[in-house]
Amino acid sequence: MTLQTFPGDLAQSFSIIHRAFQRDTQPVYKQLNLNVTNAYILLLLEQQGEHSQNELAKRLVINKGQITREIKRLSELGYVSQTQSVDNRTTNVIKITEAGSQVVPKIVDIRNQWWQQRLDQSHVDVNAPFAETLQTVMRELIERDK
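Going by this note's numbering, the sequence shown opens with residue 103, and the numbers climb by one from there.
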């Protein structure tokens with residue numbers, strides 16, 4: 103059996119890239135009083151509209167305790183609002199506020215700058231094949247961290 107498997111290699115690449123993204127962008131997000139998970143929540147709400155707290159937890163693969171803490175924090179910052187669902191009184195509906203929408207372009211810029219740096223340092227064209235790009239970026243990150 104070969105040690106290299108296409109789906110497994112992609113999963114490993116995603117994992118390595120995701121951890122490096124979190125580590126590299128956390129200080130930048132902190133300047134906005136956010137963390138990476140806060141940014142993911144705001145992006146999802148901006149792109150796809152309101153969600154229940156449970157839907158957010160499932161989509162972002164976050165446990166219920168963490169999503170509760172993240173939503174509380176975003177509410178305190180004025181970036182999201184919570185209302186009780188009219189259909190199910192046990193469900194909180196989370197919506198992005200105007201203030202939250204105003205911070206999203208900064209989040210997108212942070213994400214895009216990080217990716218552009220990876221592509222530039224790896225000498226990868228944005229139109230290169232997806233799997234090849236992932237593996238090239240992953241190798242660059244591994245070499246960088248040695």
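Think of the CB as a built atom: it goes at the ideal place given N, C-alpha and C, for glycine as much as any other residue.
Keep in mind the model is a prediction, meaning the values are calculated, not measured.
Secondary structure of I209 (DSSP, three-state): helix.
Around the Cβ of V138, a 10 Å sphere holds 16 or more other Cβ atoms; the residue is buried.
Annotation: T192 to I169 spans about 16 Å, alpha carbon to alpha carbon. Beta-bridge partners assigned by DSSP to H153: I196. Q186 has N194 as its beta-bridge partners, per DSSP. Assigned with DSSP and collapsed to three states, K160 falls in helix. It is roughly 27 Å from the alpha-carbon of K160 to the alpha-carbon of Q215.
Using a 10 angstroms sphere on the CB of G151, the tally of other CB atoms stays under 16, which defines it as exposed. With contacts defined as CB atoms closer than 8 Å, L162 and Y131 fail to qualify as a contacting pair. Burial state of E172 is buried, judged by a 10 Å Cβ sphere holding 16 or more other Cβ atoms. Distance from the CA atom of D247 to the CA atom of R121, rounded to whole angstroms, is 12 Å. Per DSSP, Q133 lies in no alpha helix (DSSP H) and is assigned neither H nor E.
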